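Numbering (the working numbering), first residue to last: -15 to 544. Using N, Cα and C, we set each Cβ at its ideal position, and we do this for glycine too. The model shown is predicted, which means the values in this text are computed figures rather than measured ones.
Structural data, given as structure tokens:
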């Protein structure tokens, strides 16, 4: 009987032990799954932060997501403002009221601790807010019970502070939470720096374009005087002959001069407005011919001898019609201004196709007493002098389309050479934008391009396909690839873009796909890249080739 009792007790103990082991295993599995889910959310949050377009979006994402994976109950983002020398809190949906904390006189509450964190550029963990001397506490101030402050540092520059609060209980944030929050602070600092650089590039490009617009307007404003004067004279003549019907000849002349003035204004307005990002297939010869007809009345007034040597054959390229029109119109205005001062008073425009590239030449006579007519306007000295500021915009536009613009001169003449790569004639209708391929999921793509216009064009192609795009410099690329997962890297070849071979080696183990973007197509280089799981694209980037490369990136990237 005692043996049965002992056996029964042993069985109970074994069952309890097995249940305990199963419970411990279940708890461990549950904890591991929770940690994996938190890591997944943290990773996605990092990607969202680095691709965020503004500080308010970063602050909103942090305030919404962080409380779901940490013990945080409140999140605030402070940014340093150099003008006021203060930390300004970025408003969010949960805390929309703006607040500024001057560095020399911080207000009561957690803002004082944020200022200390910013000044010292170090982590600050406050386990008990009410008992910490760094926090100035008023009798009626509502504060969390514990807080954690992380400085936002980018290349040794302090950009702000990330504040995390816990209103449930005092105590230190765990080591895992501190590491995760520090990682997010690094991503936020990198994203803010990228936003600042992108804004500066956009502002510089916009300023150059506005300056070029002003120069173009000043150069062609006299055009409006002739048709407007004719309109006024005709209107006055018609008004003087009251009671008599105007002649058909006068009416046609009035309509013609009105249409000419309207066309001049329309072209100037189209030059100043922002262009659509979607590229089109357009015929360069047709566009150049239309511009020659547009400028013909002004050339007659200037007494220029013009020649149209444009090829009647189609020369299709992939790009923005408005931008290409800006290039040729600006070059023509520059050429005609100098040609009008030369003895020959000659100006011609011709085109030819060489090795799948269209070459358009604008030649004009140059006076000996006009030294500026034969000085290369694309040299740094000419561009900085301001006399050819609009041509720097032309240069950037042509390069963003995979082409090149050059200036050549000799005694008594000068010419511009605009070279652009041709595209397939049957790739798309010239009047309709190319439709991007539908993507199965969004990718995170790094773009390394030192040319602002070319970078903007590539960013537009990728963004219209629904992908997150992060523009970075060649120096930042390896470090950022280690801190954030990218699905592909698009590395453009320009002077000063860094050594792409070293970049390819360093990024190969971190990024599934490396894409080199060059000015021309090299079959041997393409084979070498494909043997190393890479691709080569030539500017201007063809839609079909881009979609093929992105499809490979999607295939190599596991679904989230």
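**OP:** List the whole-angstrom C-beta distance separating residue 537 from residue 500, where the pair is believed to meet the contact cut-off of C-beta under 8 Å.
**Re:** Going by Cβ atoms, the distance from residue 537 to residue 500 rounds to 14 Å, so no, they are not a contact pair.
Original post:
Does the Cβ of residue 152 have 16 or more other Cβ atoms within 10 Å, making it buried, or fewer, making it exposed?
Top reply: The residue is exposed, with fewer than 16 neighbouring Cβ atoms inside 10 Å.
Subject >> Candidates 264, 289, 78: closest to residue 276 by CA position >> reply: Nearest option by C-alpha distance: 289.
**OP:** Use the C-beta contact count for residue -2: other C-beta atoms within 10 angstroms, 16 or more gives buried, fewer gives exposed.
**Re:** Its Cβ having fewer than 16 others within 10 Å, residue -2 is exposed.
Subject >> Three-state class that DSSP yields for residue 531 in the structure shown >> reply: Three-state DSSP puts residue 531 in a helix.
Original post:
DSSP three-state call for residue 380: helix, strand or coil?
Top reply: Helix.
Subject >> Length of the line joining the Cα atoms of residue 107 and residue 513 >> reply: Residue 107 and residue 513: Cα-Cα distance of roughly 44 Å.
**OP:** On a CA-only basis, which of 142, 75, 73 is nearest residue 105? Give me that one, please.
**Re:** The shortest Cα separation from residue 105 among 142, 75, 73 belongs to 142.
**OP:** Go ahead and label residue -4 buried or exposed: buried means 16 or more other beta carbons lie within 10 angstroms of its beta carbon, across all protein chains shown.
**Re:** With fewer than 16 Cβ atoms within 10 Å of its Cβ, residue -4 is classed as exposed.
Original post:
By Cβ distance below 8 Å, which residues in the same chain neighbour residue 312 in space, the five residues on each side in sequence not counted?
Top reply: Same-chain partners within the cutoff: 271, 272, 275, 344, 346, 402.
Subject >> Length-filtered (3 minimum) beta strand (DSSP E) runs lying within the region 52 to 123 >> reply: The region 52 to 123 contains these whole beta strand (DSSP E) runs: 58 to 65, 70 to 73, 83 to 86, 108 to 110.
Subject >> Opening and closing residue of the alpha helix (DSSP H) in which residue 428 lies >> reply: Counted as a single uninterrupted DSSP element, the stretch harbouring residue 428 is not any alpha helix (DSSP H) but the beta strand (DSSP E) occupying residues 428 to 432.
Original post:
Which term fits residue 301, buried or exposed, when burial requires 16 or more other beta carbons within 10 angstroms of its beta carbon?
Top reply: With 16 or more Cβ atoms within 10 Å of its Cβ, residue 301 is classed as buried.
Original post:
Taking the C-alpha atoms as reference points, what is the distance between residue 359 and residue 399?
Top reply: Looking at the two C-alpha atoms, the distance is approximately 11 Å.
Subject >> Opening and closing residue of the alpha helix (DSSP H) in which residue 495 lies >> reply: Here residue 495 belongs to no alpha helix (DSSP H), and DSSP marks it neither H nor E.
Subject >> Pair within 8 Å by beta-carbon distance, residue 127 and residue 98 >> reply: At the C-beta level, residue 127 and residue 98 stay beyond 8 Å of one another.
**OP:** Output yes or no for whether 8 Å exceeds the beta carbon distance between residue 310 and residue 381.
**Re:** Against a cut-off of 8 Å, the Cβ pair of residue 381 and residue 310 comes out as a contact.
Subject >> Residue from 458, 294, 167, 379 with nearest C-alpha to residue 467 >> reply: Nearest of 458, 294, 167, 379 to residue 467, Cα basis: 167.
Subject >> Beta-carbon proximity list for residue 352, same chain, < 6 Å, skipping 5 on both sides >> reply: Answer for residue 352: no residue qualifies.
Subject >> Minimum length 4: unbroken alpha helix (DSSP H) runs contained in the region -6 to 54 >> reply: List check, alpha helix (DSSP H) in window: 39 to 53.
Original post:
What runs of the beta strand (DSSP E), each 3 residues or longer, lie entirely inside the region 293 to 367?
Top reply: Entirely contained in the region 293 to 367, the beta strand (DSSP E) runs reaching 3 residues are, in chain order, 300 to 303, 330 to 338, 341 to 349.
Original post:
Over what stretch of residues does the beta strand (DSSP E) that includes residue 460 continue unbroken?
Top reply: Careful: residue 460 lies outside any beta strand (DSSP E) and carries neither H nor E.
Original post:
Measuring CA to CA, which of 318, 130, 100, 522 is closest to residue 111?
Top reply: Shortest Cα-Cα distance from residue 111 to any of 318, 130, 100, 522 involves 130.
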